[in-house]
Amino acid sequence: LLSSARPDYRPGARDCGTAEATELCTWIRHSREALLDLVSSLSAMAAPFYQTLIANPEIMGGLLSFWEFLENRHLRLILRMLLLPLLRHCTAEHQDQVLGPVLPQIF
1 LLSSARPDYR PGARDCGTAE ATELCTWIRH SREALLDLVS SLSAMAAPFY QTLIANPEIM
61 GGLLSFWEFL ENRHLRLILR MLLLPLLRHC TAEHQDQVLG PVLPQIF
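Residue 6 in our numbering is what sits at position 6 of the sequence shown, and the numbering runs on without skipping anything.
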């Protein structure tokens, strides 16, 4: 937000109030991106990955249960790094069970 209001803004050690809070925010951001990247890579494994999601439907249901509270930048990241690879790699036989709980929440 600050970067759009002030073009000369550069991230600093106290962006989140304190240096410790800023470090924690940075760690959370990196962890989120690494997790989404891992799920994206796993989606290319096809059957074993999708069978795990089918056996544990709470994974996909819980993952996307807070759409209405996410900022647009997080939604774009999830759509690009999670849902697009799932849609590309999910076989027809698994689509209903894997994507069925997720897609109504989005649309």
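Just so it is clear, CB atoms sit at the ideal spot from N, CA and C, and this is done for glycine as well.
From a predicted model like this one, the values you see are computed outputs, not experimental measurements.
- By the criterion of at least three beta-carbon pairs nearer than 8 Å, the region 19–35 is not in contact with the region 52–63.
- Distances from the CA of Gln95 to each of Gln51, Leu70, Leu38 were compared; the closest alpha carbon is that of Gln51.
- Assignment of alpha helix (DSSP H) within the region 29–85, counting only whole runs of 4 or more residues, yields 47–55, 58–63, 72–78 in chain order.
- Nearest Cα to Ser43 within the set Glu58, Glu71, Leu86: Leu86.
- Around the beta-carbon of Phe69, fewer than 16 other beta-carbon atoms lie within 10 Å, marking it exposed.
- Remark: C-beta atoms of Met81 and Leu36 approach each other more closely than 7 Å.
- Where Asp96 is concerned, the enclosing alpha helix (DSSP H) starts and stops at 92–99.
- The C-beta of Ile28 has fewer than 16 other C-beta atoms within 10 Å across all chains shown, which makes the residue exposed.
- A Cβ-Cβ distance of about 5 Å is found for the pair Ile54 and Gln97, placing them in contact under the 8 Å criterion.
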